[in-house]
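The sequence shown lines up with residues 678 to 951 when you count with this note's numbering. Structure, as C-alpha cells:
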Amino acid sequence: MSERWIEVADRVLVRRHKELDLSLGLVLGENACLVVDTGGDVVHGTNWATEVRAVTALPWQVVITHAHFDHSFGTAAFLPCPVWAHEACRAELVAEGAQQRSHWAQVYREQGRPEVAARITGTDLVLPEQLVTDRAELDLGGRTAVLVNLGVAHTSHDLVVHVPNADVLFAGDLVENGAPPAFEGSSPATWPAVLTRLLELVGSRTVVVPGHGEPVDAGFVTRQRGQIAAVAELATAVQAGDLPEQEAVHRSPFPAEATLAAIKALTTRNRSGE
Ligand SMILES: [Zn+2]
C-alpha cells in the first residue's frame, strides 16, 4: 500500500518504497527486461519480483548497483537469471555479506522490528556471476542498458545503469534525495570526481534515479556534488589537524551524523592507504 510505481520515461519504471525511501528500477526492452536492485531481504525481493511480473512477462536480468543489503539481499527471488554487478561487489558480498546480514538483523531487532530482523536473517545471499570491471552493455531488444563503474565513491564498486534511448540513469547510492548521502565506508575525497563523470553521461533533461528518494535531474546532482566536495574538504582538514571536528560539523552542509561519518570514512581510508 505504501509502494507505488513511477514511469520516469517510456517503459522505464521506478518502484518507490516507504521503507528506507528506497527506489528500485525496471527497464523494459522488446525481448527482455532489466531489474535494477532487488531489495533488502528475501520477502522484500519476492514481493518485488511479483510486482515486476504484474507489469511484464519478459525474461529478466538483474543488476546490483552495490553490495549494501537494501540493494542486494532480495536477489534470490529472481533466480535463475543473469545477475550483473561489479567484480568488487561480488568480492564484498563474499567477504562481508554474512556480517552485513547479522549487523542489519541486529539493528532492526534494536529498533523493535524483530519481523524485519527475521526476514534478513532468513535471506540466502546470492553472488553475482556476470561481473563488470568498467562497463558492460546489455541488449534488451530495441534498447541498450549500459552498466558503468565511474570510480570509488559511495562504495568501492558502484555501478550506474544508463539507458540512453530513454534518457534515464540509475545512480544507485551515488546520489540520494531526501537524505544525506551515506558516507559509512565511502571515499568522500574521490566521490565528487565520480559525480563529475556521471554528469558527463547525462544531459539537462536526463532523469537521474537515486537509490533513495524521488528522481532528480542533473542540476540536483551538481548541487549534491558541491556539498559532498565541501564535506570532503572539511574532513580532510580535520584529519590533517587543521580543523576541530565540531567546527567541521558546524560548517557542513549535512547534519552532524553524516558529517562525522564522512570524517570517519576519510580517516579510515587514508590510514589504510587506499
Ligand atoms: Zn548504499
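Positions of the beta carbon are idealized from the N, C-alpha and C atoms, including for glycine. Since the structure is predicted, the reported quantities are computational estimates derived from the model, not experimental observations.
Q.
Using C-beta distances below 6 Å, list every residue in its chain close to residue 678, excluding the 5 sequence neighbours before and after it, in chain order.
A. Confidence at residue 678 is low in this model, with a pLDDT of 42, below 50, so its placement is unreliable and no value can be given for it.
Q. Is residue 780 buried or exposed, if buried means 16 or more other CB atoms sit within 10 Å of its CB?
A. Per the 10 Å Cβ criterion, exposed.
Q | Under 8 Å between C-beta atoms of residue 856 and residue 831 | A | No, the pair does not count as a contact, with Cβ atoms beyond the cut-off.
Q.
What ranges does the alpha helix (DSSP H) occupy inside the region 783-831, keeping only unbroken runs of at least 4 residues that lie completely in it?
A. Segments of the alpha helix (DSSP H) lying fully in the region 783-831: 791-798.
Q) So residue 809 and residue 764 are in contact, right, with Cβ under 8 Å, and what is the actual spacing, rounded? A) Yes, they are in contact, since the Cβ atoms of residue 809 and residue 764 sit about 7 Å apart, within 8 Å.
Q. Just reading off the beta strand (DSSP E) that residue 694 is part of, what are its end residues?
A. That residue, residue 694, is in no beta strand (DSSP E); it is neither H nor E in DSSP.
Q. On the three-state DSSP scale, how would you describe residue 888?
A. Taken through DSSP and simplified to helix, strand or coil, residue 888 comes out as strand.
Q. With a Cβ-Cβ cutoff of 8 Å, do residue 898 and residue 852 count as a contact?
A. Yes; because the gap between Cβ atoms is below 8 Å, this pair is in contact.
Q.
Quick check: residue 720 and residue 778, are their CB atoms within less than 8 Å of each other?
A. Result no, Cβ atoms of residue 720 and residue 778 do not sit closer than 8 Å.
Q: Would you be able to state if there are at least three C-beta pairs under 8 Å between the region 875-882 and the region 918-926?
A: The way I'd put it, the region 918-926 doesn't touch the region 875-882; fewer than three beta-carbon pairs between them come closer than 8 Å.
Q) Which residues have a Cβ closer than 5 Å to any heavy atom of ligand 1, listed in chain order? A) That gives 745 and 850.
Q. To the nearest whole angstrom, what separates the beta carbons of residue 887 and residue 935, a pair I think is in contact under 8 Å?
A. Beta-carbon to beta-carbon, residue 887 and residue 935 are separated by about 15 Å, too far to satisfy the 8 Å threshold.
Q.
Given a cut-off of 8 Å on the beta-carbon distance, is the pair residue 815 and residue 711 in contact?
A. Cβ distance < 8 Å, so residue 815 and residue 711 count as in contact.
Q | Backbone CA spacing between residue 861 and residue 686 [nearest angstrom] | A | Residue 686 has its alpha-carbon roughly 32 Å from the corresponding atom of residue 861.
Q: Could you please give me the residues that DSSP links to residue 760 through a beta bridge?
A: Under the DSSP definition of a beta bridge, residue 760 partners with 739.
Q: Determine the contact status of residue 701 and residue 733, defining contact as a CB-CB distance below 8 Å.
A: The answer is no: Cβ separation not under 8 Å.
Q. Can you give the Cα-Cα distance for residue 746 and residue 752, rounded to whole angstroms?
A. Rounded to the nearest angstrom, the two C-alpha atoms are 10 Å apart.
Q) If we ignore side chains and look at the alpha-carbon of each, how far apart do residue 915 and residue 939 end up? A) C-alpha separation (whole angstroms): 11 Å.
Q: Compare the beta carbon distance of residue 829 and residue 867 with 8 Å and say whether it is the shorter of the two.
A: For the 8 Å CB-CB criterion, residue 829 and residue 867 form a contact.
(Q) Does the contact criterion of 3 or more C-beta pairs under 8 Å hold for the region 897-913 versus the region 941-950? (A) Output reads yes: the region 941-950 touches the region 897-913.
Q. How would you call residue 769, buried or exposed, if buried means at least 16 neighbouring beta carbons within 10 angstroms?
A. Buried: at least 16 other Cβ atoms inside 10 Å.
**Q.** Collapsed DSSP secondary structure at residue 755 in the structure displayed
**A.** Three-state result, residue 755: helix.
Q | Distance CB(residue 818)-CB(residue 709) smaller than 8 Å | A | Yes.
Q. With DSSP run on the structure shown, which of helix, strand or coil describes residue 937?
A. Look at residue 937 here: in three-state DSSP terms it is helix.
Q) With C-beta atoms as the reference, is residue 805 less than 8 Å away from residue 761? A) The answer is yes: Cβ separation under 8 Å.
**Q.** DSSP three-state assignment for residue 912, whether helix, strand or coil
**A.** Judged by DSSP in its simplified three-state form, residue 912 adopts helix.
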